[in-house]
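Take the sequence shown: its letters are residues 2 to 476, numbered as in my numbering. Beta carbons: idealized from backbone N, C-alpha and C, even for Gly. Bear in mind that the values here come from a model prediction, so they are computed numbers and not experimental data. Encoded as structure tokens, the structure appears first; notes follow it.
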Amino acid sequence: MCCMSQIDGHLLTACRQQAEAAGQAHLFARWNDLSPEQQESLLSQVASLDFALLARLWSQRGKTEGDSVTAKVARAQPLQDLVRIPHSSDELEERRQARATGETLLREGRVGVILVAGGEGSRLGLSGPKGMFPIGPASQHSLYQILAEQVVAHTRRVGRPVPYCLMTSHATDQATREFFASHSYFGLDPRSVHFVRQGVMPAVDRATGQILMSGPGTIAMNPNGHGGLLQALQDSGMFDRFRHDGVELLYYHQVDNPLAQVCDPVLLGLHRQRQAQVTVKVVAKQTPEEKMGVLTSIDGQVQILEYSDLNSADVRRTTAAGDLLFWAGNTAIHVFDRETLATLSRLEDALPYHQAIKKVSSLDASGRLVVPQAENAIKYERFIFDVLPRIQKCLVVEAPRDEEFCPLKNATGEFSADHVRQALHARSLAWLSQCCRVPEGVGPIEISPLRALAAEDLDGWQPPAVWPSGPLFIQ
2 MCCMSQIDGH LLTACRQQAE AAGQAHLFAR WNDLSPEQQE SLLSQVASLD FALLARLWSQ
62 RGKTEGDSVT AKVARAQPLQ DLVRIPHSSD ELEERRQARA TGETLLREGR VGVILVAGGE
122 GSRLGLSGPK GMFPIGPASQ HSLYQILAEQ VVAHTRRVGR PVPYCLMTSH ATDQATREFF
182 ASHSYFGLDP RSVHFVRQGV MPAVDRATGQ ILMSGPGTIA MNPNGHGGLL QALQDSGMFD
242 RFRHDGVELL YYHQVDNPLA QVCDPVLLGL HRQRQAQVTV KVVAKQTPEE KMGVLTSIDG
302 QVQILEYSDL NSADVRRTTA AGDLLFWAGN TAIHVFDRET LATLSRLEDA LPYHQAIKKV
362 SSLDASGRLV VPQAENAIKY ERFIFDVLPR IQKCLVVEAP RDEEFCPLKN ATGEFSADHV
422 RQALHARSLA WLSQCCRVPE GVGPIEISPL RALAAEDLDG WQPPAVWPSG PLFIQ
């Protein structure tokens with residue numbers, strides 16, 4: 002048990018002085034009302050704050066990015082270093098060679114996998130990490146299992162473990178570790194599975210800049226965005242570990258998309274053959290108005306524009322050839338050069354902080370919890386795609402949407418669990434239909450990554466003598 006004698010008096014004095022100098026003295030206003038445990042926790046939280054950074058971010062609050070974003074949108078041009086879905090014999094041959102290169106990279110142990118898994122499943126009715134959500138249409142396997150088993154499949158093919166690093170958040174870290182352990186790491190070698198936790202930033206009152214308190218002795222903290230990956234890998238020593246193990250490329254994806262092809266050898270091979278520092282996989286937007294970040298070229302550099310950056314006229318802009326300008330939707334599947342990210346991680350301002358105006362419940366001066374009716378707070382976060390303006394060479398590769406992209410985001414409607422399960426079924430049915438005739442009424446169909454990572458992996462598969470009239474899980 003913590004007691005008052007365990008409070009570091011020198012640290013307490015220093016933190017009080019820093020808070021007062023930063024105009025955040027209210028953090029200690031109810032210090033004497035806290036239990037010893039709460040005091041120790043609050044002191045630890047305050048000691049972790051970067052008051053200078055918060056002051057700088059607050060001073061920039063009125064400097065909106067509106068003008069610069071509008072100007073960037075106006076300067077947007079068609080992508081140049083782009084690999085479209087192959088059709089010609091030359092394009093198909095390039096893909097064949099890229100696959101061979103990617104498979105070699107995997108066999109030589111030059112590839113590590115990054116899974117961003119900081120989100121919770123509360124919007125989906127799940128108490129816990131989103132990665133634990135049961136999404137398999139026939140198996141009810143979780144997002145974690147479907148993605149991890151792809152790494153297992155590649156490990157078996159190349160005969161060596163593929164390092165697998167999950168970035169969790171404070172909210173998902175412990176539950177994710179326990180979930181993997183309780184499922185025997187889904188067949189992965191536990192020694193090749195690593196967990197890093199993204200950092201946090203305090204939420205501040207949008208009117209005063211004061212740091213908000215979510216409870217007695219508790220600062221209202223939020224994850225610092227997927228751009229927090231750089232700091233998480235640096236602080237945890239994972240960059241050094243990857244370097245020591247000979248890992249040169251990091252295959253990045255997010256936990257919500259079970260259709261993602263993890264360790265796609267074609268993407269890895271194209272990245273290496275084109276000598277890219279970052280490669281981004283894209284899919285064509287379904288409609289001009291679809292809410293996706295888009296890849297475009299601005300001043301000769303590949304950049305990502307968020308859907309909120311584009312107005313109704315922008316999304317319908319066309320090129321001189323009459324094609325949609327902002328067609329390339331970001332799938333959040335990337336290949337990064339390890340050393341490029343490691344170098345950027347050592348730069349304090351490598352990635353900018355973005356401001357999000359949100360509702361955040363907080364304590365008032367009397368210690369009463371107030372639930373706001375309107376947006377009252379600023380949350381700060383970083384985005385991984387902000388590395389693009391900092392590099393010299395970015396490659397964009399188009400993938401077939403129905404094969405590789407259907408993220409789980411909503412409780413109902415588009416990108417709901419039903420929608421994603423249907424997409425998994427449709428892909429499995431398409432694969433099966435290339436090797437046999439599938440009777441009507443079979444389904445939902447699901448193919449385990451341990452059985453096939455692509456349609457051609459089903460060559461030689463023998464259909465059942467009697468097809469089931471319901472779910473079919475092929476493993």
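Requested in this report: Can you say whether V372 is buried or exposed, counting buried as having 16 or more other CB atoms within 10 angstroms of its CB?
Outcome: Burial call: exposed.
Query raised in the report: Mind pulling the alpha helix (DSSP H) runs of 4 or more residues that sit fully within the stretch 179–242?
Result: Those alpha helix (DSSP H) runs which fall completely within the stretch 179–242 and span 4+ residues are 230–237.
Report task. Give a yes or no on whether the C-beta atoms belonging to T169 and R198 are separated by under 8 Å. Result -> Yes, the Cβ-Cβ distance between T169 and R198 is below 8 Å.
Query raised in the report: How is N377 classed by DSSP in three states: helix, strand or coil?
Result: Assignment of N377 by DSSP, reduced to helix, strand and coil, places it in the coil class.
**Report entry** alpha helix (DSSP H) runs wholly inside the stretch 18–46, at least 4 long, in chain order
**Finding:** Runs of the alpha helix (DSSP H) inside the stretch 18–46: none found.
Query raised in the report: From F384 to V159, what distance separates their C-alpha atoms?
Result: Distance from the CA of F384 to the CA of V159, rounded to the nearest whole angstrom, comes to 33 Å.
Requested in this report: Determine the burial state of V248: buried for a count of at least 16 other Cβ atoms within 10 Å of its Cβ, exposed for fewer.
Outcome: By the 10 Å Cβ count, V248 comes out buried.
Query raised in the report: Can you give the beta carbon distance from L231 to L345, rounded, assuming they're within the 8 Å contact cut?
Result: Under the criterion of beta carbons closer than 8 Å, L231 and L345 qualify as touching, at roughly 6 Å.
Query - Whole-number beta carbon distance between V303 and V397, since they are thought to touch under 8 Å - result: Contact flag correct, Cβ pair sits at about 6 Å.
Requested in this report: Give every residue of the same chain whose Cβ lies closer than 8 Å to the Cβ of Q211, excluding the five residues on either side of it in the sequence, and list them in chain order.
Outcome: Excluding sequence neighbours, Q211 sits near G24, Q25, H27 and V205.
**Report entry** Buried versus exposed, by CB contacts within 10 Å (16 or more), K131
**Finding:** So K131 counts as buried.
**Report entry** Cβ neighbour criterion (16 or more within 10 Å) applied to L106
**Finding:** By the 16-neighbour rule on beta-carbons within 10 angstroms, L106 is buried.
Query raised in the report: To which residues of the same chain is F474 closer than 6 Å at the C-beta, ignoring the five residues directly before and after it?
Result: Apart from the 5 residues on each side of it in sequence, F474 sits with its Cβ closer than 6 Å to the Cβ of A139, S140 and E447 in its chain, given in chain order.
Requested in this report: Using three-state DSSP, classify A466 as helix, strand or coil.
Outcome: Coil.
Query raised in the report: Where Q1 and K394 are concerned, what is the direct C-alpha to C-alpha distance, given to the nearest angstrom?
Result: The structure shown does not extend to residue 1, since the chain is modelled only from 2 through 476, so no value can be given for it.
Query - M168 in three-state terms, based on DSSP - result: Reduced to three states, the DSSP call for M168 is strand.
Query raised in the report: Where does the unbroken beta strand (DSSP E) through V153 begin, and where does it stop?
Result: Note, V153: premise wrong, no beta strand (DSSP E); alpha helix (DSSP H) at L144 to V159.
Query raised in the report: Cα separation between P445 and E415?
Result: Distance between the alpha carbons of P445 and E415 is about 18 Å.
Query - Pairwise C-alpha distance: W32 and S42 - result: For S42 and W32, the distance between alpha carbons rounds to 11 Å.
Query raised in the report: Taking the C-alpha atoms as reference points, what is the distance between C3 and D34?
Result: Model confidence at C3 stands at a pLDDT of 40, short of 50, so the residue's coordinates are unreliable and nothing is read from them.
Query - Alpha-carbon spacing of A101 relative to Q276, whole angstroms - result: For A101 and Q276, the distance between alpha carbons rounds to 16 Å.
Query raised in the report: Looking at the structure shown, is A56 part of a helix, part of a strand, or coil, going by DSSP?
Result: Assignment of A56 by DSSP, reduced to helix, strand and coil, places it in the helix class.
Query raised in the report: Span of the alpha helix (DSSP H) holding A431?
Result: Boundaries of the alpha helix (DSSP H) harbouring A431: A418 to S434, taken from the DSSP string.
Requested in this report: Decide if Q255 is buried, meaning its Cβ has at least 16 other Cβ atoms within 10 Å, or exposed.
Outcome: Buried, since its Cβ has 16 or more Cβ neighbours within 10 Å.
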